[in-house]
Every structure is written in C-alpha cells, then in structure tokens.
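Here the structure comes first, spelled out in structure tokens, and everything after it is commentary.
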Amino acid sequence: MIKLELGADTVSLFPELDEKETLKEVAKFFTKDLERLLLMSGHELVDLKSPTLSSAPGHSNGSNNSEKAIIRGLNAEAMVRATSDTIHHCSHNSQIILIGLFIRKWPWNEVKPLVYSENNKFSYLRRKAMFEFADGFDYWQRVNNCQPIIDLHKYK
Numbered sequence: 001m002i003k004l005e006l007g008a009d010t011v012s013l014f015p016e017l018d019e020k021e022t023l024k025e026v027a028k029f030f031t032k033d034l035e036r037l038l039l040m041s042g043h044e045l046v047d048l049k050s051p052t053l054s055s056a057p058g059h060s061n062g063s064n065n066s067e068k069a070i071i072r073g074l075n076a077e078a079m080v081r082a083t084s085d086t087i088h089h090c091s092h093n094s095q096i097i098l099i100g101l102f103i104r105k106w107p108w109n110e111v112k113p114l115v116y117s118e119n120n121k122f123s124y125l126r127r128k129a130m131f132e133f134a135d136g137f138d139y140w141q142r143v144n145n146c147q148p149i150i151d152l153h154k155y156k
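Here the sequence shown is numbered in the UniProt record's numbering, starting from 1 and rising by one per residue.
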C-alpha cells in the first residue's frame, strides 16, 4: 500500500481494499454480468479468447428501432471490448488463467499445468489474475467510453 506523508499526517493513496469482496465481485462479473453483456452486444464468449475483438457483433439479434435498446447494445458492446482489452493487457499467466477459468470455463486442473503451477501457487496466481483484471478494468472502460464505469473493487 502506498502512503503519503503530509507533515505529521500519513494518507493512503488508495483506500483499504476488501480483498475477499473484490474477488467475489470479479467472479460475479465473469459468471453473471458478462454473459448478459455478450447477449446484449451480439457477441459470444468465444469472441473474448482472441486478443482482437472485432467491433462488429458476432451475430445479429434482428433489428430493433428502439433508441434505448440501441444505446444499451452500444454500451454493452463497449463493455465487452473493455473486458477483452483488460484481459489481453494482463500479465501472460493472468491471461491464461482468466481465459481458461472464466471464458473457456475449464476446471482448475486443466488450467493449472498451463501456468506450470502447484496447487497452493495456483490459488495465489488466480487471485493475482482477478486483482489485475479489477485494476485494469477501470482504465479500459474509460478507453472504450463505457457508461457507466463499473468499479469491481470493494473497500473496507
């Protein structure tokens, strides 16, 4: 944790993170929210495996002239791009873990050998990957003009 000293006072640069709740929030995003975003944007889960997510939807859900539906679809599209960008800007092992566990939905025992990890180290690497995703997701949402910005961090 970075702390700044201002005279006699010490101020933290970041509020204290509730790690357990942040991990729950990231897992919830991948298991519940992302599925809805993909459906709303016309993409499929497999589209996130590639580092370059096309801006064109994977398939069309038909035309809908409702302005609100179009805006929701554009916002969902931006959020899916932000998710892809975030994953592909994480460290190499984190990319493998995020794509393996959350996108391909492989069990731990299939992902673990891909990062050459033992059981106890893999748990650490999984947590690290989820924190990397939460940290980067704020930035990539802004780059992709997402509205609203979702903060996956939970604080004490």
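Backbone N, C-alpha and C define an ideal beta-carbon position, used for all residues, glycine too.
Please read all numbers here as calculations on a predicted model, not as lab measurements.
Residues sharing a beta bridge with residue i, DSSP
i, result
"residue 157", "There is simply no residue 157 to check, as the chain begins at 1 and stops at 156 in what is shown."
First through last residue of the alpha helix (DSSP H) which encompasses residue i
i, result
"L38", "L34 to S41"
"S91", "Careful: S91 lies outside any alpha helix (DSSP H) and carries neither H nor E."
"E110", "W108 to V111"
Residue of the options minimising C-alpha distance to residue i
i, options, result
"F30", "E118, F137 and I103", "I103"
"E101", "L38, Y155, L39 and L125", "The question names Glu, but residue 101 is Leu in the sequence shown. Here the closest residue by C-alpha is L125."
"L38", "I99, Y139 and T83", "T83"
"P148", "E35, K105, V111 and Y139", "Y139"
"H89", "G136, K154 and I150", "G136"
Q.
So within the segment 115-150, which uninterrupted alpha helix (DSSP H) runs reach at least 4 residues, ignoring any that extend past its ends?
A. The segment 115-150 contains these whole alpha helix (DSSP H) runs: 119-143.
Q) Would you call the segment 16-30 and the segment 116-133 in contact, with 3 or more CB pairs under 8 Å? A) A contact exists between the segment 16-30 and the segment 116-133.
Q. Is the segment 135-153 close to the segment 74-84, with three or more CB pairs under 8 Å?
A. The segment 135-153, when compared against the segment 74-84, does touch it at the 8 Å Cβ threshold.
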